[in-house]
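K.L.:
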Amino acid sequence: DTGVSQDPRHKITKRGQNVTFRCDPISEHNRLYWYRQTLGQGPEFLTYFQNEAQLEKSRLLSDRFSAERPKGSFSTLEIQRTEQGDSAMYLCASSLDSPKGSMNTEAFFGQGTRLTVV
Amino acid sequence: AQKITQTQPGMFVQEKEAVTLDCTYDTSDPSYGLFWYKQPSSGEMIFLIYQGSYDQQNATEGRYSLNFQKARKSANLVISASQLGDSAMYFCAMRRPSGGYNKLIFGAGTRLAVHP
Numbered sequence: 001d002t003g004v005s006q007d008p009r010h011k012i013t014k015r016g017q018n019v020t021f022r023c024d025p026i027s028e029h030n031r032l033y034w035y036r037q038t039l040g041q042g043p044e045f046l047t048y049f050q051n052e053a054q055l056e057k058s059r060l061l062s063d064r065f066s067a068e069r070p071k072g073s074f075s076t077l078e079i080q081r082t083e084q085g086d087s088a089m090y091l092c093a094s095s096l097d098s099p100k101g102s103m104n105t106e107a108f109f110g111q112g113t114r115l116t117v118v
Numbered sequence: 119a120q121k122i123t124q125t126q127p128g129m130f131v132q133e134k135e136a137v138t139l140d141c142t143y144d145t146s147d148p149s150y151g152l153f154w155y156k157q158p159s160s161g162e163m164i165f166l167i168y169q170g171s172y173d174q175q176n177a178t179e180g181r182y183s184l185n186f187q188k189a190r191k192s193a194n195l196v197i198s199a200s201q202l203g204d205s206a207m208y209f210c211a212m213r214r215p216s217g218g219y220n221k222l223i224f225g226a227g228t229r230l231a232v233h234p
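Which chain is which? The protein sequence lines are A and B, in order. Numbering follows the working numbering, in which position 10 of the first sequence is assigned residue number 10; successive positions increment by one, without gaps. Numbering follows the working numbering, in which position 1 of the second sequence is assigned residue number 119; successive positions increment by one, without gaps.
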């Protein structure tokens, strides 16, 4: 296992179309995160999974966005009825569980999926 | 609001020189973690260094060191002996318990260019 992989790396879609991205985390990692990064900005948190349970969602995740991690392994992020404002890099990250109170668990990131909505 | 501020949109450094990238943070939590990530043009975020709020010593990892000044709420990254391959975006990030142990909050980043 060489790290977090994301597919596709690039996606161009017309406004109004649906798109789905896939993330394969590091195999022993039970935590999985999705972030969105727009040009010139740092990544912004979208959602978090602990195994198959989606435990936290950002207000950035509108009703058009849905994320799943059905078997606690890979995850998908779907955007319905895409808008030009959805154009961004979508980053997936995974990590091991950390002991309660521990802040230092490193998150490993994939190379991202760059979405362009035209 | 909990936030990370990186005031340097871009920095230039001569190869083999040292460079400091600034980061200030704002949190009311006594326990938190601070991270630096490097993002080359390929897009992947690469973990560089971590500093815990209760750590007594500044973190070091090879050519990277973190100048942690808790009272000033700053966590500057120092890269010694810069190399051409250090040219990239650098992001400071924070994790704190009151926001869930889970997510990282990132600053806007600093673009570092290393010149030969």
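We put the CB at the ideal spot given by N, CA and C, even for glycine.
1. Determine the DSSP secondary structure at D147 of chain B, reduced to helix, strand or coil.
2. With distance defined between alpha-carbon atoms, name the residue in B:T142, B:N185, B:P158 nearest to A211 of chain B.
3. Taking DSSP's pairing of strands, which residues face R31 of chain A in a bridge?
4. Please list, in chain order, all residues of the same chain as D129 of chain A whose beta carbon is under 7 Å from its beta carbon, the five residues on each side excluded.
5. Run through the DSSP bridge pairs and tell me what A136 of chain B is partnered with.
6. Would you mind stating whether Q175 of chain B and A193 of chain B have Cβ atoms separated by less than 7 Å?
7. What residues in its chain sit with their C-beta under 6 Å from that of Y33 of chain A, if we drop five residues either side in the sequence?
8. Q126 of chain B and H233 of chain B look like a contact to me (Cβ under 8 Å); what is the Cβ gap, rounded to whole Å?
9. So if I threshold CB-CB distances at 8 Å, which residues from the stretch 203 to 215 of chain B count as touching chain A?
10. Using the beta-carbon count (16 or more within 10 Å), is A107 of chain A buried or exposed?
11. Could you have a look at Q84 of chain A and say whether DSSP puts it in helix, strand or coil?
12. What residues from the stretch 154 to 187 of chain B come within 8 Å of chain A, judged by C-beta to C-beta, listed N to C?
13. Report yes or no: do three or more beta-carbon pairs, one from the stretch 194 to 201 of chain B and one from the stretch 1 to 20 of chain A, lie closer than 8 Å?
14. So for G203 of chain B, helix, strand or coil by DSSP?
15. For L46 of chain A versus L55 of chain A, is the C-beta spacing smaller than 7 Å?
16. Applying the criterion that 16 or more other CB atoms from any shown protein chain within 10 Å of the CB defines a buried residue, is V118 of chain A buried or exposed?
17. Which residue or residues does DSSP assign as beta-bridge partners of A211 of chain B?
18. Please list, in chain order, the chain A residues whose beta carbon lies closer than 9 Å to that of N194 of chain B.
19. Which term fits G227 of chain B, buried or exposed, when burial requires 16 or more other beta carbons within 10 angstroms of its beta carbon?
20. Are the beta-carbon atoms of M129 of chain B and L230 of chain B separated by less than 7 Å?
21. So what does DSSP say about F45 of chain A, is it helix, strand or coil?
22. Assuming R64 of chain A contacts I79 of chain A under a Cβ cut-off of 8 Å, what Cβ separation, rounded to an integer in Å, is found between them?
P.N.:
Reading it off the structure:
1. coil
2. B:T142
3. A:Q50, A:S95
4. A query on residue 129 of chain A cannot be resolved here, the shown segment of chain A reaching from 1 to 118 and no further.
5. Paired residues: none, contrary to the question.
6. no
7. Y48, A93
8. About 16 Å; that fails the 8 Å criterion.
9. F209, A211, R213, R214, P215
10. buried
11. helix
12. Y155, S160, G161, E162, M163, I164, F165, Y168, G170, S171
13. no
14. helix
15. no
16. exposed
17. B:F153, B:F224
18. By Cβ distance, chain A contributes nothing, its closest Cβ being about 16 Å from N194 of chain B, past 9 Å.
19. buried
20. yes
21. strand
22. 6 Å
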